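Under the numbering used here, the first residue of the sequence shown is numbered 37, with each subsequent residue one higher. Backbone N, C-alpha and C define an ideal beta-carbon position, used for all residues, glycine too. Note that the structure is a prediction, hence the values are computed from the model and not measured.
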Amino acid sequence: GRRQAHWWNQEIAMLRDEYSRLRRNYHRAARRRESHEQLDFHRTAYKVKRKVLRQAIRSSQIKCWSDLCRSVDSDPWGLPHKVVTKRIGRRRPGMEARG
37 GRRQAHWWNQ EIAMLRDEYS RLRRNYHRAA RRRESHEQLD FHRTAYKVKR
87 KVLRQAIRSS QIKCWSDLCR SVDSDPWGLP HKVVTKRIGR RRPGMEARG
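So, in structure tokens, the structure goes:
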């Protein structure tokens, strides 16, 4: 599968699960053509959770970035090196023909 981002944590995973559940509930309610009040309730709930999730992701990214910048001086071949080489060292398919 996909590799987990270095800023991903248990709290974000939990918030994402809750957000996905609320979003599913909203779309299910829309398909069932529920009342406007019910639909607004589901829409508001999932939008609030989406905002909380985005804030948690952003704060985790900022915290991990500052930790990464601090760790460059003490351990340049650790996580900072892995993060950089993953981005730079990744090979993309070229235009050459096989054969």
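- Taken through DSSP and simplified to helix, strand or coil, Ala92 comes out as helix.
- DSSP places Ala65 inside the alpha helix (DSSP H), whose first and last residues are 46 to 67.
- The three-state secondary structure of Glu70, taken from DSSP, is coil.
- When the Cα atoms are used, Tyr55 and Ser107 turn out to be separated by approximately 33 Å.
- Between Val120 and His42, the gap from beta carbon to beta carbon reaches 8 Å or more.
- Using a 10 angstroms sphere on the CB of His63, the tally of other CB atoms stays under 16, which defines it as exposed.
- With respect to Gln74, Ala65 sits close: the two C-beta atoms are nearer than 8 Å.
- Asp109 has its alpha-carbon roughly 11 Å from the corresponding atom of Asp103.
- Here Val88 is not near Leu58, since their CB atoms are 8 Å or more apart.
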